[in-house]
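Data first, discussion second: the structure below is written as structure tokens.
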Amino acid sequence: MEHHQERSDHRSQDLPQVLVIKPPPVLTLFEDKFISSKFQLLKAWESTLPLDQFLTNYAGSVRAVLCSGASPITADIIRLLPSLQLVITASAGVNHIDLTECRRLGIAVTNAAGVFSDDGADAAVGLLIDVLRKVSAADRYVRNGLWPAKGDYALGSKLGGKRVGVVGLGGFGSAVAKRLEAFGCTVLYNSRTQKPSVPYPFYSTVLELAADSDSLIICCGLTAETRHMINREVLLVLGKQGVIVNIARGAIINEKEMVECLVRGEIGGAGLDVFENEPNVPEELFGLDNVVLSPHRVVFTPESFVAASELVVGNLEAFFSNKPLLSPVIYE
Amino acid sequence: MGYHQKPQYLSKTLEQDLLLPRVLVLRSPSVPSFFFSKSHLQAHFHLVDPLDSPEPTHSFLSRHAASVLALLCVASTRVSSETLSLLPSLKLVVASSAGLDHIDLGECRRRGITVTSAGQVFTEDVADFAVGLLIDVLRRVSASDGCVRARLWAEKRPFPLGVKLGGNRVGIVGLGRIGSEVAKRLIDFGCSIAYCSRKEKPSVPYPYYSTVSELATNSDVLILCCSLTKETHHIINKGVMEALGKEGVIINIGRGALIDEKELVKFLQQGQILGAGLDVYENEPHVSQELFAMENVVLAPHAAVYTLESFAALQELVVGNLKAFFSNKPLLTPAQLE
């Protein structure tokens, strides 16, 4: 056990502890942003003890936990944290947190919604352009020496005039919609509820949205309702020219059915930053030129990570000073 | 009757065909087939095509094209002063590509030959492609796609973070229609726009710089949207790239020779600029081999105009200009010959 600083010794009584089971990427990359006068980190991953034993021994008085997709907060984990009052994630998504259990126990949850909206929207539209205009496929073609050998690459499809269905019109979906308009796309959307002040046509189901769209961009969170919401039925009505872009969560799409549709040419293409079982990507996709694959990275920039870390620290400092949380997740 | 039906060459009689206005078609065998739709044209015109004959073009033109009034130049096929000298009756050159640098415009003007351009049929697609290249370079989309396909994600190789788009100072080199459409898109991504052009454009809200060097000094990204002329040849040179700096990105959807390609390769190799997205090169279809190994470069095969929709619109425009000419109506897209 290293003792390079008093604060890093988890036995110190000075500062309240924030449990971290596994470090989220933002902590790994920007650890210096998490140094605070109001709390210290209790780094479970640095211990050789099995997790439940570590928690039993050291986390009995822990009031806050910083989690990530790699270290979900399940009911079992919560049970081992009797003093827990706050769960913080550095991501926009909260699907790795048992929200029902948190609500039942009066545990607050904060996320980083908002800080990833612009970068996420840039990435989503970038992937759509890539698939429609075959940017990555053409790049491979050139690098493989095929341009002199085989001549011109294939024609792509124009963005302007395309009807693009945005699934989920929160901060992220709205940022996507705004950018799509600049390309002359027509924006349509589906959301849990219609948003009266929004100029885009609303569709009450994803199936109806897909039937009327040329492309779909997934901008919603993963919940019990949205799991596998995009399935074979939806993809078939999207159609042979249809393109789907997903930078939200892999499990919103029934991946097996999507892969079948792609392999059979029942949809036109896909831009995917997220998958059901990362980092595993279905092998069949590697042979397809109408698919763009990204390792759950295309949204992230140093700026959004720094903003996320500042939001995490801000929430923690507010919590430990008994001030209102900056970005609480509101239970619906 | 075949004249007005869906084009089918065999449905026209020889007599009907000979009554149609004659249009000379010049196309180099190496140009992409997308630019030339024979069936579209044959419904309305009698095509005189040197490639239909075993004769060398020079003598074919002398023997068959002396009375031709209109020429369709397919894609980037060269129309030189020598070619024009073999066409004493020529009054119209119909271009079918975004650029006009392969046509001797000076000679056309001297001979009183009108040239029509491809108008706006390609503008939006080129602008979309430029933005796509920029996002790809900044966010490493193609490079990451390659890594995933090489199964490197599962190996837990760390991937570098991409660069944010918003807040970038984008310098547009040549603020014509294409440059304006690029600017309009990037504003909604949170970029700021500045430009340089032959002349300042007073109705434009973006800051103007009179030289590319000054523009580069004040930009994070340069997007080349200008035409290739004597003045713009190698306009992106060592000095401009130094002014752009180590964090700079260059996107070229204009012409390869706008950039000193050898110098660009050196700058990229030495990490003296951040990256590049290129659709055009000095010696197409040959691309400097050194670029193939670079992850911070996105390479496209001169495909910025390549959509089904733009080529359909091009065919309509080409036919429209020719029909207007032969019926003495105003041309749809006459080009300014400076």
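Those protein sequence lines, which keep their order, are chains A and B. Take the first sequence: its letter number 26 is residue 26 in full-length UniProt numbering, and every next letter is one higher. Take the second sequence: its letter number 261 is residue 261 in full-length UniProt numbering, and every next letter is one higher. Virtual Cβ for every residue (Gly too), placed ideally from N, Cα, C.
Check whether chain A comes within 8 Å of residue i, counting only Cβ atoms and requiring the distance to be less than that.
i, result
"residue 94 (chain B)", "no"
"residue 142 (chain B)", "yes"
"residue 285 (chain B)", "yes"
"residue 307 (chain B)", "yes"
"residue 147 (chain B)", "yes"
"residue 32 (chain B)", "yes"
"residue 188 (chain B)", "yes"
"residue 39 (chain B)", "no"
"residue 124 (chain B)", "yes"
"residue 320 (chain B)", "no"
"residue 184 (chain B)", "yes"
"residue 177 (chain B)", "no"
"residue 240 (chain B)", "no"
"residue 325 (chain B)", "no"
"residue 162 (chain B)", "yes"
"residue 311 (chain B)", "yes"
"residue 274 (chain B)", "no"
"residue 7 (chain B)", "Note that residue 7 (chain B) has pLDDT 49, beneath the 50 cutoff, so the model's placement of it is unreliable and the number below is only indicative. Closer than 8 Å: no."
"residue 106 (chain B)", "no"
"residue 22 (chain B)", "no"
"residue 132 (chain B)", "yes"
When the Cα of residue i is compared with those of the options, which residue comes out closest?
i, options, result
"residue 87 (chain B)", "B:24, B:98, B:78, B:121", "B:24"
"residue 37 (chain B)", "B:330, B:313, B:327, B:329", "B:313"
"residue 21 (chain B)", "B:331, B:319, B:194", "B:319"
"residue 283 (chain B)", "B:256, B:298, B:291, B:307", "B:256"
"residue 118 (chain B)", "B:94, B:107, B:137", "B:94"
"residue 331 (chain A)", "A:108, A:284, A:164", "A:108"
"residue 306 (chain B)", "B:75, B:58, B:41", "B:75"
"residue 58 (chain A)", "A:328, A:289, A:262, A:81", "A:81"
"residue 276 (chain A)", "A:259, A:268, A:328, A:212", "A:259"
"residue 182 (chain B)", "B:222, B:82, B:111", "B:222"
"residue 148 (chain B)", "A:302, A:321, A:295, A:329", "A:295"
"residue 67 (chain B)", "B:55, B:287, B:92", "B:92"
"residue 267 (chain A)", "A:290, A:168, A:134", "A:290"
"residue 326 (chain B)", "B:53, B:90, B:96", "B:90"
"residue 61 (chain B)", "B:70, B:71, B:309, B:50", "B:50"
"residue 159 (chain A)", "A:146, A:140, A:179", "A:179"
"residue 171 (chain A)", "A:114, A:192, A:78, A:200", "A:114"
Nearest chain B C-beta to residue i closer than 8 Å, yes or no?
i, result
"residue 153 (chain A)", "yes"
"residue 103 (chain A)", "no"
"residue 159 (chain A)", "yes"
"residue 183 (chain A)", "yes"
"residue 200 (chain A)", "no"
"residue 227 (chain A)", "no"
"residue 2 (chain A)", "Annotation note: pLDDT 44 at residue 2 (chain A) (below 50); position unreliable, no value reported."
"residue 87 (chain A)", "no"
"residue 284 (chain A)", "no"
"residue 243 (chain A)", "no"
"residue 8 (chain A)", "Note that residue 8 (chain A) scores 47 on pLDDT, short of 50, meaning its location in the model is unreliable; the coordinates nonetheless yield the value given after this. No - not a single Cβ of chain B is within 8 Å of the one on residue 8 (chain A)."
"residue 189 (chain A)", "no"
State the beta-bridge partners of residue i as determined by DSSP.
i, result
"residue 40 (chain A)", "A:17"
"residue 116 (chain B)", "B:94, B:334"
"residue 103 (chain A)", "DSSP output for residue 103 (chain A) lists no bridge partner at all."
"residue 283 (chain B)", "B:286"
"residue 22 (chain B)", "B:46"
"residue 110 (chain A)", "A:88, A:328"
"residue 68 (chain A)", "A:71"
"residue 208 (chain B)", "B:195"
"residue 70 (chain B)", "B:23, B:92"
"residue 156 (chain A)", "B:307"
Any heavy atom of the ligand ADP inside 7 Å of the beta-carbon of residue i?
i, result
"residue 239 (chain A)", "The ligand ADP is not part of the structure shown, which contains no ligands of any sort."
> Looking at C-beta atoms only, is the number of pairs between the region 88-108 of chain A and the region 65-79 of chain A that lie closer than 8 Å three or more?
Replying inline: yes
> Hey, which unbroken runs of the alpha helix (DSSP H) at 4 residues or more fall wholly within the region 163-242 of chain A?
Replying inline: 171-182, 206-211, 232-238
>> Assess contact between the region 24-33 of chain A and the region 307-316 of chain A, defined as three or more Cβ pairs (one per stretch) separated by less than 8 Å. Is contact present?
In response: yes
>> Between the region 317-324 of chain A and the region 117-125 of chain A, can you find at least three pairs of beta-carbon atoms closer than 8 Å?
In response: no
> For the region 116-196 of chain B, which segments carrying the beta strand (DSSP E) assignment without a break, of at least 3 residues, lie completely within its bounds, in sequence order?
Replying inline: 169-173, 192-196
> Does the region 165-177 of chain B come within contact of the region 95-113 of chain B, defined as at least 3 CB pairs closer than 8 Å?
Replying inline: no
> Quick check: the region 175-189 of chain B against the region 263-270 of chain B, are there 3 or more CB pairs under 8 Å?
Replying inline: no
> In chain order, which continuous runs of the beta strand (DSSP E) of length 3 or greater are located wholly inside the region 256-284 of chain A?
Replying inline: 269-272
>> Between the region 245-259 of chain B and the region 126-145 of chain B, can you find at least three pairs of beta-carbon atoms closer than 8 Å?
In response: yes
> Given 8 Å as the limit, is there contact between the region 221-240 of chain A and the region 173-187 of chain A, that is, 3 or more CB pairs closer than that?
Replying inline: no
>> Can you confirm whether the region 28-37 of chain A touches the region 83-92 of chain A when touching is taken to mean that 3 or more C-beta pairs between the two stretches lie within less than 8 Å?
In response: no
>> Below 8 Å, how does it come out for the region 214-227 of chain A and the region 157-172 of chain A: are there three or more Cβ pairs, yes or no?
In response: yes
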